[in-house]
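Worksheet: the structure to be examined is printed underneath.
In the numbering used here, the protein residues as written are 2 to 111.
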């Protein structure tokens, strides 16, 4: 798959279904899942305090809520593919396939 800087609503929908938020482990807080474009397995580390008490908003609610401004207790987390897989046309010094998306994290129950 060639490198292309791209985002699409379906990437958010897929990521909301594919990613998990692992908090409090030995690696701190980690968002884990697969790139919605190329399928590479990704792990994004975050400072423990930055995501403490948050969890991923369930699909499809995440997609509905992305159109509105985040409410109290919600955080929009921009994401991008950071895989090391070969993608023709990727600029030197960059990682990933070029895809980007957002995840909605919340302290509220579903």
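Each residue gets a CB set at the ideal place from its N, CA and C atoms; glycine is no exception.
Next item on the list: Alpha carbon to alpha carbon, how far is residue 22 from residue 30? Give it in angstroms, no decimals.
Entry: 7 Å
Check: Near residue 4, which residues of its chain fall below 7 Å by C-beta distance, leaving aside the five closest residues on each side in sequence?
Finding: 88, 89, 90, 91, 98 and 99
Note to self: For residue 83, tell me which candidate among 107, 18, 37 and 76 has the shortest Cα-Cα distance.
What the structure shows: 37
Margin query: Measuring only the C-alpha atoms, how far is residue 15 from residue 24?
Written below: 21 Å
Margin query: Can you give me the C-alpha to C-alpha distance between residue 46 and residue 13, rounded to a whole angstrom?
Written below: 19 Å
Note to self: Taking DSSP's pairing of strands, which residues face residue 80 in a bridge?
What the structure shows: 102
Notebook entry, point to check: Where do the ends of the alpha helix (DSSP H) carrying residue 12 lie?
Noted result: 10-19
Note to self: Just to confirm my understanding: we take residue 86, look at its own chain, exclude 5 residues before and 5 after, and list those with CB closer than 6 Å. What are they?
What the structure shows: 41
Next item on the list: Would you tell me roughly how many angstroms separate the C-alpha atoms of residue 6 and residue 95, rounded to the nearest one?
Entry: 11 Å
Checklist line | Residue burial classification, residue 78 (beta-carbon count within 10 angstroms, cutoff 16) | finding: buried
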